[in-house]
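Engineer: Residue numbers (the working numbering), protein chains in the order written: chain F, 1387 to 1693; chain L, 1387 to 1693; chain C, 1387 to 1693. Glycine is no exception: its CB is placed at the ideal position from the N, C-alpha and C atoms. On a predicted model such as this, the values are computed, not experimentally measured, just so you know.
#1: What three-state label does DSSP hand residue 1389/F in the structure shown?
#2: Could you check if residue 1638/C is buried or exposed, using at least 16 other CB atoms within 10 Å of its CB as the buried criterion?
#3: My parser needs the alpha helix (DSSP H) runs of 4 or more residues fully inside the region 1428 to 1508 of chain C; what are they?
#4: So, residue 1602/F versus residue 1641/F, is the Cβ gap smaller than 8 Å?
#5: Is residue 1621/L helix, strand or coil when you go by DSSP?
#6: Would the region 1508 to 1516 of chain L count as touching the region 1647 to 1663 of chain L if we require 3 or more Cβ pairs under 8 Å?
#7: Express the C-alpha separation of residue 1521/L and residue 1475/C in angstroms, rounding to a whole number.
#8: Just the Cα atoms here: how many angstroms apart are residue 1630/L and residue 1618/L?
#9: Check the Cβ of residue 1556/F against every Cβ in chain L and list those closer than 9 Å, keeping chain order.
#10: Is there contact here, the region 1474 to 1491 of chain C with the region 1464 to 1478 of chain L, by at least three beta-carbon pairs under 8 Å?
#11: Under 7 Å Cβ-Cβ, which residues of chain L neighbour residue 1426/F?
#12: If you reduce the DSSP assignment to three classes, tell me which class residue 1553/F lands in.
#13: Kindly indicate which three-state DSSP category residue 1513/F falls into: helix, strand or coil?
#14: Short of 6 Å in beta carbon distance, which residues of its chain neighbour residue 1527/L, apart from the five on each side in sequence? Order them along the chain.
#15: Compute the Euclidean distance between the alpha carbons of residue 1414/F and residue 1538/L, then round it to the nearest angstrom.
#16: Along the chain, which unbroken stretches of the alpha helix (DSSP H) at least 4 residues long are found entirely within the region 1639 to 1690 of chain L?
#17: Just checking, does the region 1501 to 1508 of chain F make contact with the region 1442 to 1459 of chain F on the three C-beta pairs under 8 Å criterion?
#18: Determine the DSSP secondary structure at residue 1527/L, reduced to helix, strand or coil.
#19: Name the residue from 1441/L, 1566/L and 1536/L whose alpha carbon lies nearest to the alpha carbon of residue 1497/L.
#20: Measure the alpha-carbon distance for residue 1547/F versus residue 1571/F and round it to whole angstroms.
#21: If distances are taken between C-alpha atoms only, which option among 1469/C, 1518/C and 1438/C comes closest to residue 1492/C?
#22: The region 1626 to 1655 of chain C: which residues have C-beta closer than 9 Å to a C-beta of chain F, in chain order?
#23: Verify whether the separation of the beta carbon atoms of residue 1674/C and residue 1483/F is less than 8 Å.
#24: Near residue 1684/L, which residues of its chain fall below 7 Å by C-beta distance, leaving aside the five closest residues on each side in sequence?
#25: Looking at the structure shown, is residue 1589/F part of a helix, part of a strand, or coil, going by DSSP?
#26: Figure out for me which residue from 1554/C, 1575/C, 1587/C and 1595/C has the closest Cα to the Cα of residue 1567/C.
#27: Please state the DSSP three-state secondary structure of residue 1401/C.
#28: What residues of chain F sit near residue 1678/C, judged by a beta carbon separation below 7 Å?
#29: Could you name the residues of the region 1566 to 1587 of chain F whose beta carbon sits closer than 7 Å to any beta carbon of chain L, in the order they occur along the chain?
#30: Please list, in chain order, the chain C residues whose beta carbon lies closer than 7 Å to that of residue 1468/F.
#31: For residue 1533/F, name the three-state secondary structure that DSSP assigns.
#32: Would residue 1492/L count as contacting chain F if we go by Cβ distances under 8 Å?
#33: Between the Cα of residue 1679/L and those of 1624/L, 1688/L and 1531/L, spot the shortest distance and give me the residue it belongs to.
#34: Quick one, which of 1467/C, 1432/C and 1666/C has its alpha-carbon nearest residue 1460/L's?
#35: Using only alpha-carbon positions, find the residue among 1622/C, 1436/C, 1398/C and 1669/C that is nearest to residue 1462/C.
#36: What are the start and end residues of the alpha helix (DSSP H) that includes residue 1414/C?
Below you can see the structure in the form of structure tokens.
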């Protein structure tokens, strides 16, 4: 890792926007070496990670904990009930100051947008945002990028974002990050769940082409990467309209027949009905690999924070 | 451990029936050496165990976690609330595939019979069944056998199974395992809670003699081992009938007066009223020792899985 | 540490009263060396701490877990739901005997006064009381003393105890401990929440002067240490009377203007309205430092228990 990187690197990772393209590439390269086993397994010996999850996000929590363990470090956790009683008992600022006294780094998941930024102002140790409401979740974006990079150069890809693009935080952050890599973005979402204007404007400022589509069959053949997000039943007026719409957004082996050979299919998980289990066996299905990549990517982030 | 063992050993431990007598004896021998301190305390250094407990079983979970720690490994846990939200959010198959990406081995506790077998089909890492509904719980059976072996040769013992033998999963598995060791099995249970025919047939096929009894005083003098299981209040029509019947199944110092000198008394715990606390001080009371034996037995299992 | 200390040291730490002045000073000295980094980070390698928290006390739990991790040891935890199901399922005595088989030391938090003493009678490993109802919480008292000692010699200080002194367990234990160090104790509390007679008698027997005050402005200038405790809304007949009274007990920068230069301000946390956040920036505000001191103090306790 270059000296210039070390100097510009932020002490906290709150948003993917805190990182430039160069920083992102550096973390992905590190993750790649880690995935090949090229890391010291006692690098974080004696270090303590506090996982403060004020809403459940079991995959993120477990994979940060696994990442810390692989590097020889320890994690201390709140359980779900403790988290809710802590949140009732004192301000987030006080909790963060107290936990700063116990741990060397804090990973925070919180239901309120902006919570991680606030926490980083009160913390005396580095903070990683593991999702704050409709806000950011940078480690998810990094593992999404890493999974793309495993399959192809990230530059100038055609990516399809499918599903709930209004509330789907992971799609927003990924779209932003890909705008640094000159991607062309294709979108397909139910009416009312389109990409918000604020995101569109931001992508446009970065010079990124965003092409909305109406038909799944029209978009599939154009793509290098298809990123599917969860359609949440509670976003629809009733169960019937959910079922009616969801069936048009379901990925099946048939729908994928028109895809390019090298297409990869990603999903931040958990999935409900968005991807037919028969797709799991196809070579393009990379969502479980993507989830697994959370460990080396988070290991790379943790090593960077303790550098 | 012999070469032949290594070849036949299953990658998963789902049921005690996956193990032959030879395999069982090998694990018990390993556990015995471990209990004597003859094991490398960094054997599982860098390894990660995922404890997926979809119903509470605190003793089993804590003793697996202690076993992993004694060998230098790490554990990652779901908390109870996370487990229930995970179970609502996706299929067990998906959860198992995701967690396979984080951990080197999975210990699963699940309310549905057959869940562990299903999990082993989707996992990319070894799975140990830590209880699946009315199904199997092989580590419990191994620690029961280990505790017997500490006191006497397992072969050809007279064992009494007392209490709820219909729903008592631990009694079923132990009876099966002892049938490999030519035991004679004495049963005593409330009407309606007898050993099921399916289990009786299986024992008969293995050539095991099963002798039902009506009176506790009649059976005690015959036994080398008395295995008491919990009578659950909810199996009885009302509280009065529970109290009425439970008092006939309660082990007291008086009842044990007619026992052989070398009788040992086991219970999978927790106990409620089945054993008078005054019995705790008698030399035959081995149930806390039995619970403690969970650690070396599970250490032996974990070492075997990583061999 | 002197030989005489080693001989008199109790195997369990249930109450601060189990420790004499000499023992307390020895732990504080150890903690001080630990805080300077003078400890072997693998001192408790291979050791297992069981954290049995039957009521939430997240700070205490996390800082014991951090202390164990800093020394190379491992912790096994109950989650909140497991704890309540365990408590329903069996007696505390049985739980303690079982967990004694899994761990090398037990830290117990329990809602019932006397629970820790009972636990220590059934445990086969050392027990540390981490709070039992209205009873004791010795590690809190030790970290309070440690924080005082960082700022000044503990001997003969004038300390003010402010707030709910009737139910405030930490204030009771601290007052007792300071009576060993010839402190003069000033009290100020809402009517009905005064220091109980039993505590007053105990302090008097130890020759300690206790001076009740009526006005916060009258007491502040006299103090070397001000120890503020939480006023709990539920101790007051209604919300209005809470608000009315609490405002007279709120520490603000203005109120502190008459204080001695070297005054330090402590609070066991969490605080609600007792201390104005503007106070946080003043040099006298030591409550986050105090919370952080929980780690080296608990490390010193754990090392002592395993000595």
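Structural biologist: With the structure as the only source:
#1: Along the first chain, read from residue 1 onward, the residue named residue 1389/F stands at position 3. With a pLDDT of only 40 at residue 1389/F, under 50, the local geometry of the prediction cannot be trusted, and the value read off the model is given with reservation. Looking at residue 1389/F - three-state DSSP - the assignment turns out to be helix.
#2: As a working mapping, residue 1638/C is identified with position 252 in the third chain. Residue 1638/C is exposed by the Cβ-count criterion.
#3: 1444 to 1456, 1466 to 1475, 1478 to 1486 and 1501 to 1508
#4: For the purposes of this step, residue 1602/F is taken as the residue at position 216 of the first chain. For the purposes of this step, residue 1641/F is taken as the residue at position 255 of the first chain. Cβ distance < 8 Å, so residue 1602/F and residue 1641/F count as in contact.
#5: For the purposes of this step, residue 1621/L is taken as residue 235 along the second chain, with counting starting at 1. Note: residue 1621/L maps to helix in three-state DSSP.
#6: no
#7: Mapped onto the third chain, residue 1475/C falls at position 89. Mapped onto the second chain, residue 1521/L falls at position 135. Rounded to the nearest angstrom, the two C-alpha atoms are 22 Å apart.
#8: Here residue 1630/L is taken as the residue at index 244 of the second chain, counted from 1. Here residue 1618/L is taken as the residue at index 232 of the second chain, counted from 1. Straight-line Cα distance between these residues: approximately 13 Å.
#9: Position 170 of the first chain, counted from the first residue, corresponds to residue 1556/F. Result: empty, since nearest Cβ-Cβ is about 15 Å, beyond 9 Å.
#10: no
#11: Locating residue 1426/F in the first chain gives position 40, counting from the first residue. Under the 7 Å cutoff, chain L gives no residues; its nearest Cβ is about 11 Å from residue 1426/F.
#12: Along the first chain, one-based indexing puts residue 1553/F at 167. Residue 1553/F falls in the coil class under three-state DSSP.
#13: The sequence position of residue 1513/F within the first chain is 127, counting from 1. In this structure, residue 1513/F counts as strand in the three-state DSSP scheme.
#14: On the second chain, position 141 is the one that residue 1527/L refers to. Same-chain partners within the cutoff: 1402, 1559, 1560 and 1563.
#15: In the first chain, residue 1414/F corresponds to position 28, counting from 1. In the second chain, residue 1538/L corresponds to position 152, counting from 1. Those two C-alpha atoms are separated by around 59 Å.
#16: 1673 to 1678
#17: no
#18: Along the second chain, read from residue 1 onward, the residue named residue 1527/L stands at position 141. Of the three classes helix, strand and coil, the one that applies to residue 1527/L here is helix, per DSSP.
#19: For the purposes of this step, residue 1497/L is taken as residue 111 along the second chain, with counting starting at 1. If we check each option's Cα against that of residue 1497/L, 1441/L comes out closest.
#20: Along the first chain, read from residue 1 onward, the residue named residue 1547/F stands at position 161. Along the first chain, read from residue 1 onward, the residue named residue 1571/F stands at position 185. Using only the alpha carbons, I get a separation of about 7 Å.
#21: In the third chain, counting from the first residue as 1, residue 1492/C sits at position 106. The candidate whose alpha carbon is nearest that of residue 1492/C is 1438/C.
#22: 1655
#23: As a working note, residue 1674/C is residue 288 in the third chain. As a working note, residue 1483/F is residue 97 in the first chain. Closer than 8 Å, so yes.
#24: Here residue 1684/L corresponds to residue number 298 of the second chain, with the count starting at 1. Same-chain partners within the cutoff: 1449, 1450, 1453 and 1525.
#25: Counting from one through the first chain, the residue named residue 1589/F turns up at place 203. In this structure, residue 1589/F counts as helix in the three-state DSSP scheme.
#26: Walking along the third chain from the start, residue 1567/C turns up at place 181. Minimum Cα distance to residue 1567/C is reached at 1595/C.
#27: Here residue 1401/C corresponds to residue number 15 of the third chain, with the count starting at 1. Coil.
#28: Within the third chain, numbered from 1, the residue matching residue 1678/C stands at position 292. Under the 7 Å cutoff, chain F gives 1487.
#29: none
#30: What you label residue 1468/F is simply residue 82 of the first chain in a count that begins at 1. Ordered by position in chain C, the residues that pass the 7 Å Cβ test against residue 1468/F are 1442, 1444 and 1466.
#31: Within the first chain, the letter at position 147 stands for residue 1533/F. Three-state DSSP puts residue 1533/F in a helix.
#32: Residue numbering aside, residue 1492/L sits at position 106 when the second chain is read from its first letter. Closer than 8 Å: no.
#33: Residue 1679/L sits at position 293 when you count from the first residue of the second chain. Of the listed residues, the one whose Cα sits closest to residue 1679/L is 1531/L.
#34: Position 74 of the second chain, counted from the first residue, corresponds to residue 1460/L. Per the Cα distances, 1432/C.
#35: As a position in the third chain, residue 1462/C is number 76, starting the count at 1. Residue 1436/C is the option with its Cα nearest to residue 1462/C.
#36: The sequence position of residue 1414/C within the third chain is 28, counting from 1. Start and end: 1407 to 1421.
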